[in-house]
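Residue numbers (the working numbering): 21 to 337.
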Amino acid sequence: MRVGQNPAKSIDRVAQPEKITVAVVTYIPFLGGYYAESLDVLKACLNSIRENTDLPYDLLVFDNASCPQVRAYLTGMQENERIQYLVLSDKNVGKGGAWNFIFSAAPGEFIAYADSDIYFRPGWLSHSLEILDAFPMAGMVTARPLRTPEKYYTSSLDWARSQADITLESGQFLAWETYLEHVLSLGTSEAQAREWFDSRFDWRVTGHNVSAYISAAHFQFTGRKSLLQEFVPFDMDRPMGQVRSLDEAINERGYLRLTTCEPLVKHMGNRLPAEVPPSPEAITSQSHSSSKRVWDLPWVKQSLLKAYDQIFKLYFG
Numbered sequence: 021m022r023v024g025q026n027p028a029k030s031i032d033r034v035a036q037p038e039k040i041t042v043a044v045v046t047y048i049p050f051l052g053g054y055y056a057e058s059l060d061v062l063k064a065c066l067n068s069i070r071e072n073t074d075l076p077y078d079l080l081v082f083d084n085a086s087c088p089q090v091r092a093y094l095t096g097m098q099e100n101e102r103i104q105y106l107v108l109s110d111k112n113v114g115k116g117g118a119w120n121f122i123f124s125a126a127p128g129e130f131i132a133y134a135d136s137d138i139y140f141r142p143g144w145l146s147h148s149l150e151i152l153d154a155f156p157m158a159g160m161v162t163a164r165p166l167r168t169p170e171k172y173y174t175s176s177l178d179w180a181r182s183q184a185d186i187t188l189e190s191g192q193f194l195a196w197e198t199y200l201e202h203v204l205s206l207g208t209s210e211a212q213a214r215e216w217f218d219s220r221f222d223w224r225v226t227g228h229n230v231s232a233y234i235s236a237a238h239f240q241f242t243g244r245k246s247l248l249q250e251f252v253p254f255d256m257d258r259p260m261g262q263v264r265s266l267d268e269a270i271n272e273r274g275y276l277r278l279t280t281c282e283p284l285v286k287h288m289g290n291r292l293p294a295e296v297p298p299s300p301e302a303i304t305s306q307s308h309s310s311s312k313r314v315w316d317l318p319w320v321k322q323s324l325l326k327a328y329d330q331i332f333k334l335y336f337g
């Protein structure tokens, strides 16, 4: 039997979600080895969103069964009202599983997605939305120019060539420094980067006084929720390695894959770049010490990393 009336009945209105949901997926199983600085990278990511996002948004974080230290940090961020929606999965459902949830449950009309190792620069969101408004057929817009295989954007080229009011150009438009910044973060040598840069070119599309490059990346993009929902559910049986399925699906259905013309996001990787300021919450530990240790010696480091790789595959492979 109910006693009294539920006080919630006296509430006249509830908070409404913002038009844009910024969604971040993270997976940090432990703080060591490959993941030694991953928590600091995550903190830099979320701090850059907070400082450099120029439109109203709600922040959604999907945690893919990270270690207790990471979950404690995320829970504290939500308690301090810096994360509006926090999902703590008790198992790693992979990026596909996280996308299934985010593309279906994010409350915003637009979803701005990012892996947790992305650093955001001022203007990244407004420039992404400007391109989405200028090109309604855009399925995803990445906030930095980069080069990807043409097989993933054939529909973008076909569409641009068929539009009388659209200008399509090819050439070396991308600055070398912008190209190098990204490929170095992926572990590519500068010599290899130069060879790739000189042998390839860019596609630039212009319409309604807005220009964009034809390309995109699944590590960071903005799109309309109504369109992204067309691609769920993703059936991926590995946590990574199959994420190109989104790129392929967007291209196969005739949508555009575009980027901004300026590098407004940066891929940090698993180490905090020297030029990225540490977040106010960044931790300092002995593992970040610059002093020379025996395990920093090249031959010792190589042996330990090989052993670590085998142990990681045993427990998490």
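No residue lacks a Cβ here, since even glycine has one placed at the ideal position from N, Cα and C.
When C-beta atoms of the region 121-132 are compared with those of the region 205-217, fewer than three pairs fall below 8 Å, so the two segments do not count as touching. With a 10 Å radius around the Cβ and a threshold of 16 neighbouring Cβ atoms, Asn229 comes out exposed. In the pairwise beta carbon analysis, the region 234-250 is classified as touching the region 139-157: at least three pairs are separated by under 8 Å.
Residue burial annotation: Phe221 is exposed, with fewer than 16 other C-beta atoms found within 10 angstroms of its C-beta. With contacts defined as CB atoms closer than 8 Å, Leu149 and Ala158 fail to qualify as a contacting pair.
Three or more beta-carbon pairs drawn from the region 80-96 and the region 46-62 are found closer than 8 Å, and the two stretches are therefore classed as touching. Secondary structure at Gly52: coil, using DSSP grouped into helix, strand and coil.
Rounded to the nearest whole angstrom, the CA to CA distance from Trp196 to Tyr93 is 37 Å.
Note: Asp83 is bridge-paired with Thr46, Leu108 in the DSSP secondary-structure output. Residue range 187-191 is occupied by the beta strand (DSSP E) that includes Ser190. According to the DSSP secondary-structure assignment, Lys286 is paired through a beta bridge with Tyr139. With fewer than 16 other Cβ atoms from the protein chains shown falling within 10 Å of its own Cβ, Val23 counts as exposed. Annotation: Ser109 to Asn290 spans about 22 Å, alpha carbon to alpha carbon.
Residue pairing by DSSP places Ala237 opposite Gln240 in a beta bridge. Between the region 165-181 and the region 96-116 there are fewer than three C-beta pairs closer than 8 Å, too few to call the two in contact. Arg164 sits close to Thr279, with the two beta carbons spaced by under 8 Å. Between Met288 and Val81, the C-beta spacing is not below 8 Å.
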